[in-house]
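Residue numbers (our numbering): 17 to 483.
Presented below is the structure to which this report refers.
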Ligand SMILES: [Ca+2]
């Protein structure tokens with residue numbers, strides 16, 4: 017039996033639809049912080065579940081030896097809470113009055129939405145999914161692997177102090193910025209950025225391009241390059257991809273995993289999942305076999321499996337899925353989200369034509385914001401994703417939200433409700449805390465990219481087209 021709670025806002029002026037918002041990381045508790053946007057900007061009844069426990073985000077201790085709590089977090093709390101909310105809405109507003117049910121989540125929230133879609137295609141009509149942590153059984157072992165590459169206080173570690181989280185991403189960003197053809201402090205083509213070359217030419221002590229405020233020694237250069245390699249495994253069953261590498265330039269986000277105060281190997285956040293979800297003993301040794309253990313256990317059934325999802329059933333009932341992913345996200349590597357999208361497309365030939373869109377957002381970090389110079393975020397990042405509203409001012413949010421040109425949630429709802437499928441969405445970033453737009457730029461349905469058509473005015477969305 018599950019034990020979970022939920023909060024539900026039922027606005028006086030109601031659009032007739034429900035939105036369930038997702039959670040973050042391993043945190044428990046009702047996500048009141050994100051719920052307000054539902055009633056305020058869309059007149060949506062809005063739900064969040066505590067996922068069955070209360071905890072801070074990185075705290076996984078609630079899961080240790082507690083399969084029921086793992087299942088609540090894995091999928092049961094979203095499913096059960098949303099069903100209960102639908103009953104309550106019927107009682108409060110009138111039976112049969114519910115028009116549509118939506119889901120909006122990023123990170124763990126993205127995982128929750130995709131897991132629900134695997135579990136049951138009928139609960140939500142439209143899902144807005146950001147940077148989903150869908151591949152729990154491969155991603156968490158990868159994270160532990162990362163920690164082994166950057167042990168605390170080792171001479172080969174590059175993240176022994178916080179300044180490196182500023183220095184390294186800046187050097188990579190500036191070295192690879194121009195590869196997309198436009199110098200704008202945004203690496204729009206991280207696939208063209210050669211991390212080995214950048215590490216040697218722009219970070220190595222003594223190199224011509226080394227910065228004046230710090231540099232990396234040879235052993236640290238090796239570490240940096242290794243952090244950016246796909247985690248591949250060779251064992252008795254052959255060679256396979258354990259987990260894809262992050263894109264160059266996403267190191268700023270590595271703080272969550274690799275800060276000295278986070279990596280207390282073998283007991284920090286990076287090592288904790290195996291202890292709390294797989295039942296490993298504290299002090300265990302890392303091994304590539306963790307992935308096969310994880311796959312066998314699939315704790316909490318939390319991994320969302322695109323191959324096991326009945327996309328045909330979702331499509332036949334008119335369901336729509338809109339995904340987005342920052343290309344400078346170092347917490348959920350973009351290739352992991354792309355992998356999900358590609359598996360879905362191979363499982364359903366109708367996906368990209370009928371019911372799914374995927375947007376990569378150059379320069380955006382995990383779920384929101386981008387690198388900045390203290391005044392402006394360089395890369396446009398506001399697209400109406402959940403949690404983004406808390407990173408902008410109310411006035412900034414209100415300048416774009418609710419308009420399907422700028423707001424993916426509105427575009428998704430319009431699509432579900434019979435209007436045309438979204439094409440490009442214009443992402444926004446402002447000057448400081450003002451409502452003066454610094455940059456707007458279209459983000460494009462994958463595999464299209466925004467291509468510049470007027471290098472003299474790169475900050476205008478009209479200077480870009482999807483191609
Ligand atoms: Ca650029």
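Yeah, the Cβ is synthetic: ideal placement off N, Cα and C, and Gly gets one too.
{"Check": "Residue from 445, 99, 29, 454 with nearest C-alpha to residue 23", "Outcome": "99"}
{"Check": "Proximity test, residue 204 beta-carbon vs ligand 1 heavy atom, cut-off 8 Å", "Outcome": "yes"}
{"Check": "Assigned exposure category for residue 410 - 16 Cβ within 10 Å defines buried", "Outcome": "exposed"}
{"Check": "Which residues DSSP lists as bridging residue 377, in chain order", "Outcome": "342"}
{"Check": "Residue 449, enclosing beta strand (DSSP E) - first and last residue", "Outcome": "Counting along the chain, residue 449 falls outside any beta strand (DSSP E), and DSSP gives it neither H nor E."}
{"Check": "Contact test: residue 265 Cβ vs ligand 1 heavy atom, cutoff 8 Å", "Outcome": "no"}
{"Check": "Beta carbon of residue 20 nearer than 9 Å to that of residue 88", "Outcome": "yes"}
{"Check": "Assigned secondary structure, residue 60 (DSSP; H/G/I helix, E/B strand, else coil)", "Outcome": "coil"}
{"Check": "Residue 219, DSSP secondary structure in three states", "Outcome": "coil"}
{"Check": "Where the alpha helix (DSSP H) containing residue 83 begins and where it ends", "Outcome": "83-87"}
{"Check": "Range covered by the alpha helix (DSSP H) that runs through residue 361", "Outcome": "350-363"}
{"Check": "According to DSSP, residues forming a beta bridge with residue 145", "Outcome": "121, 339"}
{"Check": "Beta-carbon contacts of residue 195 that lie in its chain and below 8 Å, excluding the five residues immediately before and after", "Outcome": "203, 205, 208, 209"}
{"Check": "Alpha carbon of residue 378 to alpha carbon of residue 290, nearest angstrom", "Outcome": "32 Å"}
{"Check": "Residue 81 to residue 296 span [Cα, whole Å]", "Outcome": "11 Å"}
{"Check": "Counted within 10 angstroms of its Cβ, other Cβ atoms place residue 5 as buried (16 or more) or exposed", "Outcome": "The first residue shown for the chain is 17 and the last is 483, placing residue 5 beyond what the model contains."}
{"Check": "Touching by the beta-carbon criterion (3+ pairs, under 8 Å), the segment 40-52 and the segment 61-77", "Outcome": "yes"}
{"Check": "Alpha-carbon to alpha-carbon, residue 200 and residue 384", "Outcome": "18 Å"}
{"Check": "Check: residue 377 C-beta below 8 Å from any heavy atom of ligand 1", "Outcome": "no"}
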